[in-house]
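Numbering (our numbering), first residue to last: -10 to 153.
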Amino acid sequence: MTKQYAVRNIRLCTKDCLCLYVCPTGATDTENSIIDVEKCIGCGMCRDACPSGAISMVPVELPPQQGHTEAVTLALQAIMHSKAEQESIASALPGRLAAAVEKSNRIMAEDIIRESGYMLPQSANARAFLEKLLVTQQGEGFPRAAVEELLSILKTNEKMEKAD
């Protein structure tokens, strides 16, 4: 069995608090409603007891990003830019249909970005992107310290390739 820990989706939580009574370590009993990962032993009892389905189990070791050829990655990026442009155009139009098109394009762009490996924190692409942010000139207010902190805590689980 792979090591896992519990996470709570606050939006789904109905505050029935059954998880508080079944957790053998008290990991679910926190002031901010975030399950204490240090205390969680990954037994899943809180998930099973939660009537609102707000608790999920997440593996400690995330799987590596699926590899793609450079041609596929470039094609995904071109499609993503197209979807972002379509979203921008739709946001300038009035009406419910335009709002639906805007949201649809946002969701498709996010899926494409995820498939490209840029939304998976454990992927080499995400790490390379964050590192590039630090070495390129950024505007005033850029959260450099936050990016550096992310880089210090994110564990990449795939080989890093030397960037150009």
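From the three backbone atoms N, C-alpha and C, an ideal C-beta is built for every residue, glycine too.
Cβ pair S41, C2 closer than 8 Å: yes
Simplified DSSP assignment, three categories, for Q111: coil
Residues of its chain near C39, where Cβ-Cβ distance is below 6 Å and the 5 sequence neighbours each way are ignored: C8
Cβ-based burial, I23 [other Cβ within 10 Å; buried from 16]: exposed
Spatial distance of A134 from F118 (CA atoms): 15 Å
Selection from S80, A98, R103 that minimises the alpha carbon distance to P53: R103
S45, enclosing beta strand (DSSP E) - first and last residue: In the DSSP assignment, S45 falls within the unbroken beta strand (DSSP E) covering 44 to 48.
Assigned secondary structure, V(-4) (DSSP; H/G/I helix, E/B strand, else coil): In this structure, V(-4) counts as strand in the three-state DSSP scheme.
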